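Chains as they are written, first to last, in my numbering: chain B, 16 to 239; chain V, 2 to 257.
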């Protein structure tokens with residue numbers, strides 16, 4: 016039955032080459048923990064992706080309750096945390112996942128760095144990877160404000176002061192982010208929300224697509 | 002023009018690709034070494050690792066509910082801010098004298114810029130053919146140095162943060178209906194109690210909330226005169242009658 020459906024689609028769209036590119040390849044011995052236990056270091060990248068998927072899913076569920084507004088943001092999270100069934104778990108996954116994704120990405124970066132896996136021909140993939148790192152840090156930074164509690168507000172004020180100290184464009188950057196030259200308030204939270212939920216994920220998806228396509232094209236680096 | 006499995010397309014304007022891949026996977030037995038097909042063999046093992054990871058992750062989530070402090074109050078000037086843990090090293094860097102104040106640019110831009118810039122451009126800085134860490138002493142050395150720096154700065158930041166005060170300053174406090182026209186509240190205000198304990202008795206950095214204090218009027222009179230903890234003696238400067246009204250007022254503040 017499944018084969019018939021596959022053939023039906025394949026006849027019209029010729030999806031076999033696509034399928035071959037994505038899934039039909041050999042996994043070399045040196046990255047397989049079943050053969051060499053030390054190869055667990057190759058899991059970090061995949062686990063980063065796994066936590067990223069968790070972040071996307073839990074984030075989508077959070078937006079069902081979250082209201083990006085200085086009065087209701089905190090209220091909606093308090094409600095989610097204390098009243099909604101499994102709300103605490105979903106928010107907890109998003110909260111702790113944000114830390115875990117940084118940990119896993121850091122370990123993955125160190126694995127690639129110390130193995131010299133960024134050398135020719137994989138320079139571009141390394142650069143895309145570091146850009147993903149920056150996007151993840153920016154996601155952490157913008158997400159920190161959204162609960163609109165004390166630590167969120169005051170940490171963001173510090174961040175904005177640091178951004179303001181950038182020479183020449185600091186003032187403009189600050190207004191772009193905070194929405195106002197003095198106030199961290201209603202404008203700031205909607206901007207951070209938009210950046211956290213639309214702009215940065217869009218950048219992240221594009222970069223991740225490039226990252227994975229390059230891996231499929233170049234294969235994983237050989238053993239040391 | 003024939004496409005796919007001999008299917009004739011209607012209005013096909015594409016240039017045909019030569020040949021078509023058969024829908025049968027390659028026989029991997031001819032590959033050298035102990036390789037394994039990604040689909041489905043290896044992917045199944047990855048799923049197992051993912052499942053174990055997910056169980057650990059969910060245990061963490063269930064054991065430690067994510068924190069939520071009280072709603073942001075921009076008027077609380079005494080609040081000591083703290084970023085998320087993975088920014089602590091950058092935050093700590095800005096506390097050193099040659100990375101802050103007039104040298105703020107160095108701590109905020111130059112040092113992080115150089116470090117992250119070097120990370121981004123690593124393939125163009127470390128260009129040799131060697132891959133083993135021991136054969137690339139400069140790359141390995143600088144990375145270890147950066148790791149040591151990040152660890153040290155994070156450690157310093159954590160060690161110098163007053164975690165007790167931080168826990169206190171952000172606590173969600175119960176709100177109570179306060180009659181701001183009452184005599185008790187006016188005495189509370191004129192004696193400057195609001196500057197530490199807040200206009201709604203909600204407390205502040207280093208000073209406890211007075212809502213639901215659970216103290217008797219006598220205990221409150223004693224604290225108002227003689228102080229307690231960080232509160233110095235002699236804060237109350239009114240008459241004994243006023244003290245009694247104040248103590249009764251504070252003692253009566255309870256959340257609904």
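For each residue, glycine too, the CB sits at the ideal point set by N, CA and C.
In this text, all values refer to a predicted model and were calculated from it rather than measured experimentally.
When 8 Å is used as the limit between beta carbons, residue 80/B is near no residue of chain V, the shortest such separation being about 13 Å. The bridge partners DSSP lists for residue 232/V are 229/V.
Residue environment analysis places residue 49/B among the exposed positions, since fewer than 16 neighbouring C-beta atoms fall within 10 angstroms of its C-beta.
For residue 134/B, the C-beta contacts it makes with chain V under 7 Å involve 124, 132, in order along the chain. For residue 92/B, the three-state secondary structure derived from DSSP is helix. Following the DSSP letters along the chain, one finds residue 219/B inside the alpha helix (DSSP H) bounded by residues 215-233. Using a Cβ-Cβ cut-off of 7 Å, residue 168/V does not count as an interface residue toward chain B, since no Cβ of chain B sits closer than that to its own. Counting C-beta atoms within 10 angstroms of its own C-beta, residue 19/B has fewer than 16 neighbours from the protein chains shown and is therefore classed as exposed. In this structure, residue 43/V and residue 47/B form a Cβ contact; the two beta carbons are roughly 7 Å apart against a cut-off of 8 Å. For chain V, the residues of the region 164-186 of chain B that bring a beta carbon within less than 8 Å of one of its beta carbons are 164, 165, 166, 167, 168, 169, 170, 172, 173, 174, 177, 180, 181, 182, in chain order. Look at residue 239/V here: in three-state DSSP terms it is coil, with no helix or strand label.
Contacts with chain B at 7 Å (Cβ-Cβ) do not include residue 99/V.
Contact with chain B is found for residue 80/V, since one of that chain's Cβ atoms lies less than 7 Å from the residue's Cβ. For the pair of segments examined, the region 30-48 of chain B was found to touch the region 35-50 of chain V: the number of CB pairs separated by less than 8 Å reaches three. For residue 183/V, the three-state secondary structure derived from DSSP is coil. Under the three-pair Cβ rule at 8 Å, the region 175-191 of chain B does not count as touching the region 54-64 of chain B.
Under the Cβ criterion (8 Å, minimum of three pairs), the region 109-123 of chain V does not count as touching the region 198-211 of chain B. The Cβ atoms of residue 188/V and residue 246/V sit closer than 7 Å to each other.
In the three-state reduction of the DSSP assignment, residue 20/B falls in the helix class. Per DSSP, residue 122/B is one residue of the alpha helix (DSSP H) stretching across 102-129.
The closest CA to that of residue 105/V, considering only 182/B, 73/B, 134/B, 194/B, is found on 182/B. Annotation: residue 162/V to residue 195/B spans about 30 Å, alpha carbon to alpha carbon. For the region 53-85 of chain B, the beta-carbon criterion of a distance under 7 Å to any beta-carbon of chain V is satisfied by 58, 61, 62, 65.
Secondary-structure assignment with DSSP links residue 164/B through a beta bridge to 72/V. When 8 Å is used as the limit between beta carbons, residue 171/V is near these residues of chain B: 164, 165, 166, in chain order. One alpha carbon belongs to residue 128/V, the other to residue 134/B, and they sit about 7 Å apart. For the set 208/B, 222/B, 224/B, 141/B, the Cα lying nearest the Cα of residue 78/B is the one of 208/B.
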